[in-house]
Amino acid sequence: MFYRHLKGHIEALLFAYGSPINAEKFSEILEIDHENVITLIEELKQDMTDELRGLTICEVAGGFQLCSKPELAPIIEKLVDIQETRLSMAAMETLAIIAFKQPVTRLEMENIRGVKVDGVVTTLLERGLVREVGRKEAIGRPILYGTTEEFLKSFGLNSLAELPNLAEFIGTEQQP
Amino acid sequence: MDDYKIILETFEGPMALLMHLIDKNQLDIYDIPIAEVTEQYLAYIRAMEEFNIDIASEFLVLAATLLQIKSRMLLPKPPVADELVEEVDPRQELVERLLEYRRFKHAAGLLEDLLREREKLVSRPSSTDFGTKLILPEGLRLDDLIEAFAAVWESAVEDFAFIAREEISVQDKMQDILYLLGKNNGKMEFKHSFIRSGSRTEMVTAFLALLELIRLKRVKIRQDVNFGPIYLTLGEVVQ
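Those protein sequences? They're chains A and B, same order as listed.
To get our numbering, take the position in the first sequence, counting from 1, and add 98.
To get our numbering, take the position in the second sequence, counting from 1, and add 1.
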């Protein structure tokens, strides 16, 4: 491995940026090819498994991000009062509909939930979890909603493909 | 009764309530005893009414749907004309909606779990703007600061003067005009009556005074061409 000296570079970049950085960006900055970036990150991750280390690299939204280890969460909570701004059940259900059925209109969400969704959709838009992705070619050309990269980050997903297939849920409904 | 409040379990919407009733009674979603469920559903709505809770119209829509299904199930089945036409259970559409709703309720739970897992990983706040550096001006001395302060301080002091409001009454102006006419052998040009500040206010007042004098027939006027000079002459004194 000729590029081992670049491991520190990757670590520094991850630290400085905070948000996930994708492999292409690393290739570009470090002037090494894609596979080598992945190998270096894997090695770095391996080094970090050491119990004495507090950080790890997680794969989020198609990139890599420096995070504290999950088992250390209780320690970090002592440092600051984490503001609990939980999503309501209504918002969560609506978000689930958007995530699994996207692109989807408000009317389609309302048909499933049986209630108006204007308020919750606004909340989700404000939180940057969903966005307008286009308009449906139907009467009134209603707005279609889909999830954002922020959604992937918030839920620790690498891509939408990581969402379990909705068909699996359908599978759980055993017809008698 | 009005002050008496009780906390009823609240539901996000009619589907949530219906789902709760089915789960609570451990009913088979594919074979809902519609009469029983409808009754319980309506009982809940009645309870809401009793406790002065505004019932969202959506709850009533589903209540109507339930009642409709119930009545359709009570009706005798029409003789099947065509053997091939499969009879549709009146509950089917409702069952499908419930299943869909339950599916997304599960999905919401799954997202909730993902969120909880993710929250255990703490990352640095995104610093996408750390590329911008604040560059301080160079070569400044303390004197520059004092100067700048002095300039601001001085500009903050207001230069002001009192401006008295000019008050000329129509009465005064009428007196003026009559006095001037008397002094000029009963003849004068209108513009010569502006003897005070010559302001717009005075002109307007003079004009009003002139109109008043004309009305009282104390003064006659003559203007030969449009926008030309207006000549005043004393009228006959009205007895």
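Glycine included, C-beta positions come from ideal geometry on N, C-alpha and C.
For clarity, every value in this text was computed on a predicted model and none was experimentally measured.
Nearest CA to the CA of residue i: which residue from the options?
| i | options | result |
| --- | --- | --- |
| A/Val213 | B/Gly14, B/Val123 and B/Gly229 | B/Gly14 |
| B/Arg242 | B/Glu168, B/Ala48, B/Met175 and B/Tyr102 | Absent from the model: residue 242 of chain B. The displayed extent of chain B is 2 to 240, so no value can be given. |
| B/His21 | B/Tyr45, B/Asp32 and B/Arg117 | B/Tyr45 |
| A/Ala121 | A/Val231, A/Leu138 and A/Gly106 | A/Leu138 |
| B/Tyr180 | B/Ala57, B/Val220 and B/Leu141 | B/Val220 |
| B/Leu211 | B/Val226, B/Lys192 and B/Asp225 | B/Lys192 |
| B/Val38 | B/Ala65, B/Phe105 and B/Val89 | B/Ala65 |
| B/Arg73 | B/Phe60, B/Pro91, B/Arg117 and B/Leu63 | B/Pro91 |
| B/Asp173 | B/Ala149, B/Leu209, B/Glu148 and B/Leu146 | B/Leu209 |
| B/Tyr31 | B/Leu75, B/Leu43, B/Arg98 and B/Lys218 | B/Arg98 |
| A/Arg151 | A/Gly160, A/Ile136 and A/Glu169 | A/Glu169 |
| B/Ser124 | A/Ala197, A/Glu191 and A/Thr154 | A/Thr154 |
| B/Ile178 | B/Gly140, B/Leu67, B/Asn227 and B/Ile222 | B/Ile222 |
| A/Val228 | A/Phe162, A/Thr192 and A/Met146 | A/Thr192 |
| A/Ile173 | B/Leu122, B/Pro138 and B/Leu143 | B/Leu122 |
| A/Ala114 | A/Ser186, A/Leu177, A/Gln144 and A/Gln163 | A/Gln163 |
| A/Ser166 | B/Leu182, B/Leu18, B/Pro230 and B/Arg119 | B/Arg119 |
| B/Arg117 | A/Gly116, A/Lys251, A/Glu141 and A/Thr147 | A/Lys251 |
| B/Val62 | B/Leu146, B/Asp24 and B/Met16 | B/Met16 |
| A/Met187 | B/Leu115, B/Lys106 and B/Glu40 | B/Lys106 |
| B/Leu112 | A/Thr147, A/Phe253 and A/Gly116 | A/Phe253 |
| B/Val96 | B/Gln41, B/Tyr42, B/Leu19 and B/Ala151 | B/Leu19 |
| B/Ser194 | B/Thr234, B/Val226 and B/Ile164 | B/Thr234 |
| B/Leu68 | B/Glu139, B/Tyr42 and B/Val89 | B/Tyr42 |
| A/Ser117 | A/Glu248, A/Ile130 and A/Ala259 | A/Glu248 |
| A/Leu223 | A/Ala236, A/Gly238, A/Ile237 and A/Thr246 | A/Thr246 |
| B/Glu59 | B/Val89, B/Phe12, B/Asp114 and B/Arg104 | B/Phe12 |
In terms of DSSP beta bridges, what is residue i paired with?
| i | result |
| --- | --- |
| A/Ile155 | A/Leu164 |
| B/Gln27 | Beta-bridge pairing links B/Gln27 to no other residue. |
| B/Lys221 | B/Thr234 |
| A/Gly232 | A/Leu242 |
| B/Ser124 | A/Cys165 |
Is the Cβ of residue i closer than 8 angstroms to any Cβ of chain D?
| i | result |
| --- | --- |
| A/Phe198 | In the structure shown, chain D does not exist; the protein chains are A and B. |
Suppose the cutoff is 8 angstroms on Cβ atoms and the five residues either side in sequence are ignored; what does the same chain contact list for residue i look like?
| i | result |
| --- | --- |
| A/Ile195 | Val202, Glu206, Met207, Ile210 and Arg211 |
| A/Arg204 | Val215, Asp216, Val219, Pro240, Ile241 and Tyr243 |
| A/Leu128 | Tyr101, Leu104, His107, Ile108 and Val135 |
| B/Leu100 | Ile30 |
| A/Leu111 | Ile119, Phe124 and Ile127 |
| B/Glu213 | Val171 and Met175 |
| A/Pro262 | none |
| B/Ser127 | none |
| B/Val239 | A caution first: B/Val239 carries a pLDDT of 49, below 50, which makes its placement in the model unreliable, though a value can still be read off. Leu217, Lys218 and Arg219. |
| A/Ser257 | Ala159, Gly160 and Leu250 |
| B/Ile23 | Ile30, Ile33, Val38 and Leu99 |
| B/Asn186 | none |
Looking only at its chain, what residues have a beta carbon closer than 6 angstroms to the beta carbon of residue i, apart from the 5 residues adjacent to it on each side?
| i | result |
| --- | --- |
| A/Val231 | Pro201, Leu242 and Gly244 |
| B/Ile8 | Residue placement at B/Ile8 is flagged as unreliable, the pLDDT there being 49, under the threshold of 50; a coordinate-derived value is accordingly withheld. |
| B/Met49 | Ile56 |
| B/Lys6 | Annotation note: pLDDT 45 at B/Lys6 (below 50); position unreliable, no value reported. |
| A/Thr221 | Ala189 |
| B/Ile231 | Phe191, Ile222 and Gln224 |
| A/His132 | Ala121 and Ser125 |
Residues in its own chain within less than 7 angstroms of residue i by CB, not counting five upstream and five downstream?
| i | result |
| --- | --- |
| B/Arg197 | Ile169 and Glu203 |
| B/Met2 | Here B/Met2 scores only 41 on pLDDT, less than 50, and its place in the model should not be relied on; the value that follows carries that caveat. Contacts found: none. |
| B/Ala36 | Lys71 |
| A/Lys234 | Thr203, Pro240 and Leu242 |
| A/Lys143 | Thr154 and Ile155 |
| B/Ile251 | Residue 251 of chain B lies beyond the residue range present for chain B, which begins at 2 and ends at 240; the question has no answer from this structure. |
Start-end ranges of the alpha helix (DSSP H) lying completely within the stretch 113-145 of chain A, minimum 4 residues: As far as the stretch 113-145 of chain A is concerned, its whole alpha helix (DSSP H) runs of at least 4 residues are 121-128.
Near-chain A residues of the stretch 95-106 of chain B (beta-carbon distance less than 8 angstroms), N- to C-terminal order: Arg98, Leu100, Glu101, Tyr102, Arg103, Arg104, Phe105 and Lys106: these are the residues of the stretch 95-106 of chain B whose beta carbon lies less than 8 angstroms from some beta carbon of chain A, given in chain order.
Which runs of the beta strand (DSSP E), 3 residues or longer, sit entirely within the stretch 163-216 of chain B? Whole beta strand (DSSP E) segments, 3+ residues: 188-190.
Which of the residues in the stretch 199-216 of chain A, read from start to end, lie with their CB under 7 angstroms from any CB of chain B? Answer set for the stretch 199-216 of chain A: Ile210, Arg211, Gly212 and Val213.
Quick one: which residues of the stretch 28-52 of chain B get their C-beta closer than 9 angstroms to a C-beta of chain A? List them in chain order. Cβ contacts with chain A: Asp29, Ile30, Tyr31 and Asp32.
To test your reading of the DSSP string, which unbroken alpha helix (DSSP H) runs of 4 or more residues are found completely within the stretch 186-228 of chain A? Runs found: 187-199, 204-211 and 216-224.
Contacting positions in the stretch 182-195 of chain A - beta carbon closer than 7 angstroms to chain B: For the stretch 182-195 of chain A, residues whose beta-carbon sits nearer than 7 angstroms to a beta-carbon of chain B comprise Met187, Ala188, Met190, Glu191, Leu193, Ala194 and Ile195.
Could you run through the stretch 141-167 of chain A and flag, in chain order, every residue whose CB is less than 9 angstroms away from some CB of chain B? If the cut-off is 9 angstroms between Cβ atoms, the stretch 141-167 of chain A has Thr154, Cys156, Val158, Gln163, Leu164, Cys165, Ser166 and Lys167 near chain B.
May I ask you to list, following chain order, the residues of the stretch 8-23 of chain B that have a beta carbon less than 7 angstroms from some beta carbon of chain A? Near chain A, meaning a CB-to-CB distance below 7 angstroms, the residues of the stretch 8-23 of chain B are Glu13, Gly14, Pro15 and Met16.
Can you pull out the residues from the stretch 237-253 of chain A whose beta carbon lies closer than 7 angstroms to at least one beta carbon of chain B? Near chain B, meaning a CB-to-CB distance below 7 angstroms, the residues of the stretch 237-253 of chain A are Ser252 and Phe253.
Can you pull out the residues from the stretch 104-129 of chain A whose beta carbon lies closer than 8 angstroms to at least one beta carbon of chain B? Along the stretch 104-129 of chain A, the positions whose C-beta sits under 8 angstroms from a C-beta of chain B are Phe113, Ala114, Tyr115, Gly116 and Ser117, read in chain order.
Members of the stretch 109-127 of chain B that neighbour chain A once the beta carbon cut-off is set at 9 angstroms: Residues of the stretch 109-127 of chain B whose Cβ lies closer than 9 angstroms to any Cβ of chain A, in chain order: Ala109, Gly110, Leu111, Leu112, Glu113, Leu115, Leu116, Glu118, Arg119, Glu120, Lys121, Leu122, Val123, Ser124, Arg125, Pro126 and Ser127.
Interfacial residues, the stretch 62-82 of chain B to chain A, with Cβ spacing under 7 angstroms: Cβ contacts with chain A come from Leu63.
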